[in-house]
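Numbering (this note's numbering), first residue to last: 3 to 141.
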């Protein structure tokens, strides 16, 4: 019923979310940690002048990467809430995603798909989760 990851490093966050999707978990909780692969893949995008500073590049990747994961979940019918689960003074990695199955109507799922494509195009980025979801769909 529940799949969760807490500070899963790099692609482990995507693998955990994909596992939740493949088993049809009612709820998926995820707190991503370092997103090395996504940070390396970040290319031309509207915030490039800011991302030349490493600390901002990490924040951009955190925001964009988790937002894209949320949109992929919404496309698949999961309602997503993203919130701080501990004080930011305790850890900078304090953002939790909670996805609840069957909480998104079809028009909103289609809108999420469009938003995802817009972000992927704008940031030249695609979370590993997209690859895993596409593999699952093809199987």
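Think of the CB as a built atom: it goes at the ideal place given N, C-alpha and C, for glycine as much as any other residue.
Model, not experiment: these values are computed from the prediction.
When rounded, the separation of the alpha-carbon atoms in residue 17 and residue 51 is 31 Å. By the neighbour-count criterion, in which 16 or more other beta carbons inside 10 Å mark a residue as buried, residue 54 falls on the exposed side.
The three-state reading of DSSP puts residue 75 in helix, counting H, G and I together. In this structure, the CA atom of residue 32 is about 6 Å from the CA atom of residue 8. For residue 100, the secondary structure class from DSSP, reduced to helix, strand or coil, is strand. Residue range 81-86 is occupied by the beta strand (DSSP E) that includes residue 86, with no alpha helix (DSSP H) assigned at that position.
The beta carbons of residue 26 and residue 83 sit about 19 Å from each other, so the pair does not count as a contact at 8 Å. The criterion of a C-beta distance shorter than 8 Å is satisfied by residue 130 and residue 39. In this structure, the CA atom of residue 34 is about 26 Å from the CA atom of residue 140. Within the segment 36-73, complete alpha helix (DSSP H) segments of at least 4 residues are found at 38-43, 50-53, given in chain order.
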